[in-house]
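Trainee: This is the structure, below, for whatever I ask next.
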Amino acid sequence: GFTLDIPLTDGIRFFATPTVTHRSRIFFELPNNPLISQDAVTLVNARAGLAFGDRFEVAAWVRNATNEDYLLDAGNTGGSFGIPTFIPAEPRFYGASVTARF
């Protein structure tokens, strides 16, 4: 990832922080059991907006922009009984925020 911070006027600046993470394989338990693992996962996230001085900002953000289908966790207690549990991660999630600092 990287961060852009570009002044537009004396009191207004544009900022953006896109990030990309890639994991070639995810193991959920020790030892690294391939039966309870996840294939490659690439996640794209971003946050961008306008800052008005040091006190106010308006931003939009997105997590998992490509709507990657992947697991957050697997195995857990069910794995001890031969029935591993699988917990899906969040799908694409987006929103906006307004910040005021006093």
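This note's numbering puts the first residue of the sequence shown at 49, with every later residue one more than the last. Cβ coordinates follow ideal geometry from the N, Cα and C atoms, glycine included.
#1: Taking all protein chains shown into account, decide if phenylalanine 100 is buried (16 or more other Cβ within 10 angstroms of its Cβ) or exposed.
#2: Could you tell me if alanine 122 is buried or exposed, where buried requires 16 or more neighbouring beta carbons within 10 angstroms of its beta carbon?
#3: Output the residue ranges of the beta strand (DSSP E) runs that lie fully inside the segment 98-132 and measure 3 residues or longer, sorted by chain position.
#4: Does DSSP put proline 139 in a helix, in a strand, or in coil?
#5: Have a look at the DSSP bridge pairing and note the partners of leucine 52.
#6: Mind checking whether the beta-carbon of glycine 49 lies closer than 7 Å to any heavy atom of the ligand PLP?
Mentor: Put simply:
#1: Within a 10 Å sphere around the beta-carbon of phenylalanine 100 sit fewer than 16 other beta-carbons, which makes this residue exposed.
#2: Under the 10 Å beta carbon count, alanine 122 is surrounded by 16 or more other beta carbons and is classified as buried.
#3: Considered as a whole, the segment 98-132 harbours 104-111 and 119-123 as its complete beta strand (DSSP E) runs of no fewer than 3 residues, in chain order.
#4: The answer is coil: DSSP assigns proline 139 none of H, G, I, E or B.
#5: Ala64, per the DSSP bridge assignment.
#6: The model depicted lacks the ligand PLP and carries no ligand whatsoever.
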